[in-house]
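S.K.: The sequence shown: position 362 = 362 (the UniProt record's numbering), numbered continuously. Where is the CB? At the ideal position from N, CA and C, for every residue including glycine. Could you have a look at this structure, given as structure tokens, before my questions?
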Amino acid sequence: MGLNPPHEYGFSVSVCSWRGVICDDGGENVVKLEASGVGLSGVIPDVTIGKLTKLESLDLSSNKITTLPSDFWSLGSLINLNLSHNQISGSLSSNIGNFGHLRSLDLSFNKFDGSIPETFSSLTKLEALNLSDNGFESTVPSGILQCLNLVSVDLSENNLNGSLPSGFAAALPQLKFLSLAENEVVGRGSDFNGMKSVSYLNLSGNLFKGSVLGVFEGALEVVDLSKNQFQGHIPQPLGVVEKQEHQEAARELEYLGRIKHPNLVPLTGYCLAGEQRIAIYDYMENGNLQKLLHDLPLGIQTTEDWSTDTWEDENNGIQNVGPEGSLITWRFRHKIALGTARALAFLHHGCFPPIIHRDVKASSVYLDSNLEPRLSDFGISKIFGNGSEDEIARASPGYLPPEFLEPESSSSPMAPTPKSDVYGFGVVLFELITGKKPVEDVYQDEKEANLTTWVRGLVRRDQASRAIDPKIRGAAPDAQIIEALKIGYLCTAETPSKRPSMQQVVGLLKDVEQITF
């Protein structure tokens, strides 16, 4: 079975114009290919990716790829490789040693088995290694000890056993993060003597034993030694992940950090210290949708010069935007809506188990340096709240679905579902179309309490055109924008079962672009 590509990859146009493809200055060689979460599935055929001999960065994460091509290992120029969250099975080829320029390698959440190749000894420039959540067996290879630049190593959730290679603790002088959790590795606390640089260490769920006295010190800030046979007291003020809820939070955050999609803001780190829980994300220099729509002068401008009178970029045809900014165009607002919908559809339908955002709102939608919409804070509210299933009840005013506004006398709180997120998305869509806030805004000649009731009332009375933001009126056929309002109407249905899925919403929003009358 061959690879099934998504529709947006076609050879009728230059490969260098494909989304996620970056070529060198001469336009002759592909140097970066980012196709995360785009629906690729099956076997990658030979003489495809293997021909991209100048490729430096490859991200095929979060697809359903099952097999790599035989010529894959000819990509000797690779610096960054991410194949996480696929269905790739079988042994990892010893030809991995051909990738001598690699700095980052992520093969997590696949079905690899067999031994980790000793040829890792050739990856001397490697800084980040993630092989977690596979079926790797046997011992940790001694070849890894030759990777002196390693900063992060995650081998958790495999079937590794036996002892660590001799000298493991002192061999990696740059190492900051190490997780061997949920394997069957044997050893003693003394195996970690000399490990001075590591700040995060997770050894939970293995077969280590012996005293920890005088061992786990140095730069350590967080250590999880649970489900082993260690003895003794860990010195303070070392932060110890010992409570079950902290262990669960750490596992949830590590999982969320592996979720990648072009329309999600990557979770790059976290901190658990006592009652403090901090999530760290990539910086999104163009801010969030709430500020762009409601709080700041319109457009993507810096605080140094609000009067910039031109801004140019080829962002899906959005060019030469004047002082009022990008949000004056319906095409750009539609792009934000579609990108956000794709992010939620991926969380609901592309992740197992499905991830419920729980707090979809305009301030969770960011714009990256390329003006691509990216959804942030997915899955965070449950972890950073009280951890209960009714945590959505703390969601932001104006975005809370009606089923969570029942009287407190209800016998049991309702658990959030994907349809809860659909409602929040519908409110964000209303904001994009009307330019109004979800609550505390002015609705001319109306007494409705919030944006949702106002817009839904207009749609029911066949007066939807009154809701269109004057700033975008005329930028596209009214019929297009009204159709988008009707999608928001469906999303904000009072009965959850009547709301569409986010997959359906993506399809509906794509159809809106075809309306010309």
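#1: Leaving out five residues before and five after N316 in sequence, what residues of the same chain have Cβ atoms less than 6 angstroms from its Cβ?
#2: What's the C-alpha gap between L68 and I44?
#3: State the DSSP-derived secondary structure class of T67, mapped to helix, strand or coil.
#4: Three or more beta-carbon pairs under 8 angstroms between the region 367-380 and the region 452-469, yes or no?
#5: Considering just the uninterrupted stretch of the alpha helix (DSSP H) at L344, what are its terminal residues?
#6: Run through DSSP, which three-state label would V153 get?
#7: Is C23 helix, strand or coil when you go by DSSP?
#8: On the three-state DSSP scale, how would you describe Q290?
#9: Which same chain residues, not among the five before or five after V365, have their C-beta less than 7 angstroms away from its C-beta?
#10: Can you give the Cα-Cα distance for L58 and K51, rounded to whole angstroms?
#11: How close, in whole Å, do the beta carbons of S41 and I65 come, if the pair is a contact with beta carbons under 8 angstroms?
#12: Only counting runs of 4 or more residues, tell me where the alpha helix (DSSP H) segments fall wholly within the region 80-164, in order along the chain.
#13: Return the CA-CA distance between K437 and T453, expressed in angstroms with no decimal places.
#14: Quick one: give me the first and last residue of the beta strand (DSSP E) that R456 is part of.
#15: Any chance the region 470-485 sits against the region 411-425, with 3 or more Cβ pairs inside 8 angstroms?
#16: What three-state label does DSSP hand D59 in the structure shown?
#17: Can you give me the C-alpha to C-alpha distance between G114 and S74, rounded to a whole angstrom?
#18: Consult DSSP for D511 and reduce its assignment to one of helix, strand or coil.
#19: Taking only three categories from DSSP, how would you classify D224?
#20: Starting from the Cα of S104, find the closest Cα among E56, R342, R188 and give me that residue.
#21: Assign D24 to one of two classes, buried (16 or more other C-beta atoms within 10 Å of its C-beta) or exposed (fewer than that).
#22: In whole angstroms, give me the CA-to-CA distance for P262 and S62.
#23: Do N193 and S156 have their C-beta atoms within less than 9 angstroms of each other?
#24: Find out if the Cβ-Cβ distance for the pair G269, K361 is shorter than 9 angstroms.
#25: Can you give the Cα-Cα distance for Y9 and E127, rounded to whole angstroms?
#26: Please state the DSSP three-state secondary structure of L432.
#27: Tell me whether K51 sits in a helix, a strand or coil according to DSSP, three-state version.
#28: State the Cα-Cα distance for the pair V15 and S132, rounded to the nearest angstrom.
#29: Going straight from the alpha carbon of A343 to that of D359, what length do you get?
#30: Have a look at N202 and Q229 and give me their C-alpha separation to the nearest angstrom.
#31: For V47, which option in A35, G37, G39, D71 has the closest C-alpha, if you only look at C-alpha atoms?
#32: Under DSSP, the alpha helix (DSSP H) around K260 begins and ends at which residues?
M.R.: Checking against the coordinates, here is how it stands:
#1: Start at 1 with the first residue of the sequence shown, and residue 316 comes out as number 316. Low local confidence applies: a pLDDT of 43 at N316 is under 50, so the model's placement there is unreliable, with the coordinate-based value given in what follows. Hits under 6 angstroms: K335.
#2: Here residue 68 is taken as the residue at index 68 of the sequence shown, counted from 1. Here residue 44 is taken as the residue at index 44 of the sequence shown, counted from 1. The alpha-carbon atoms of L68 and I44 are separated by roughly 5 angstroms.
#3: Taking the first residue of the sequence shown as 1, we reach residue 67 at position 67. It is a strand residue.
#4: no
#5: Here residue 344 is taken as the residue at index 344 of the sequence shown, counted from 1. Here the alpha helix (DSSP H) through L344 covers 330-349.
#6: To locate residue 153, count along the sequence shown from 1; it is residue 153. In this structure, V153 counts as strand in the three-state DSSP scheme.
#7: Counting from one through the sequence shown, the residue named residue 23 turns up at place 23. Here C23 carries a strand assignment [DSSP, helix/strand/coil].
#8: In the sequence shown, residue 290 corresponds to position 290, counting from 1. Q290 falls in the helix class under three-state DSSP.
#9: Residue 365 sits at position 365 when you count from the first residue of the sequence shown. Answer for V365: N288, L289, I336, T340, P373, L375, V428, listed in chain order.
#10: Translated into the one-based positions of the sequence shown, residue 58 becomes position 58. Translated into the one-based positions of the sequence shown, residue 51 becomes position 51. Answer to the nearest angstrom: the Cα atoms are 13 angstroms apart.
#11: Counting from 1 along the sequence shown, the entry for residue 41 is found at position 41. Counting from 1 along the sequence shown, the entry for residue 65 is found at position 65. Yes, they are in contact, since the Cβ atoms of S41 and I65 sit about 7 angstroms apart, within 8 angstroms.
#12: Correct list: empty.
#13: Locating residue 437 in the sequence shown gives position 437, where the first residue counts as 1. Locating residue 453 in the sequence shown gives position 453, where the first residue counts as 1. When rounded, the distance between both Cα atoms is 12 angstroms.
#14: Position 456 of the sequence shown, counted from the start, is the residue given in the question as residue 456. Element bounds for R456: not the beta strand (DSSP E) but the alpha helix (DSSP H), 451-460.
#15: no
#16: For this step, residue 59 is matched to residue 59 along the sequence shown. Three-state DSSP puts D59 in a strand.
#17: Locating residue 114 in the sequence shown gives position 114, counting from the first residue. Locating residue 74 in the sequence shown gives position 74, counting from the first residue. Distance between the alpha carbons of G114 and S74 is about 22 angstroms.
#18: For the purposes of this step, residue 511 is taken as the residue at position 511 of the sequence shown. Residue state, collapsed to three classes: helix.
#19: To locate residue 224, count along the sequence shown from 1; it is residue 224. Residue state, collapsed to three classes: strand.
#20: The sequence position of residue 104 within the sequence shown is 104, counting from 1. Nearest C-alpha to S104: E56.
#21: Residue 24 sits at position 24 when you count from the first residue of the sequence shown. Its Cβ having fewer than 16 others within 10 Å, D24 is exposed.
#22: If you number the sequence shown from 1, residue 262 lands on position 262. If you number the sequence shown from 1, residue 62 lands on position 62. Straight-line Cα distance between these residues: approximately 10 angstroms.
#23: One-based indexing of the sequence shown puts residue 193 at position 193. One-based indexing of the sequence shown puts residue 156 at position 156. Going by C-beta atoms, N193 is not nearer than 9 angstroms to S156.
#24: As a working mapping, residue 269 is identified with position 269 in the sequence shown. As a working mapping, residue 361 is identified with position 361 in the sequence shown. No.
#25: Residue 9 sits at position 9 when you count from the first residue of the sequence shown. Residue 127 sits at position 127 when you count from the first residue of the sequence shown. Here the model assigns Y9 a pLDDT of 49, short of 50, so the residue's position is not dependable and the matter cannot be decided.
#26: Taking the sequence shown and counting its residues from 1, the one referred to as residue 432 is at position 432. Under the three-state reduction of DSSP, L432 is assigned to helix.
#27: For this step, residue 51 is matched to residue 51 along the sequence shown. Helix at K51.
#28: If you number the sequence shown from 1, residue 15 lands on position 15. If you number the sequence shown from 1, residue 132 lands on position 132. Straight-line Cα distance between these residues: approximately 33 angstroms.
#29: Position 343 of the sequence shown holds residue 343. Position 359 of the sequence shown holds residue 359. Their Cα atoms are separated by approximately 14 angstroms.
#30: Sequence index remark: in the sequence shown, residue 202 carries index 202 (1-based). Sequence index remark: in the sequence shown, residue 229 carries index 229 (1-based). When rounded, the distance between both Cα atoms is 14 angstroms.
#31: Residue mapping note: residue 47 aligns to position 47 of the sequence shown, counting from 1. For V47, the nearest C-alpha among the options comes from D71.
#32: Along the sequence shown, one-based indexing puts residue 260 at 260. Unbroken run through K260: none, as it is neither H nor E.
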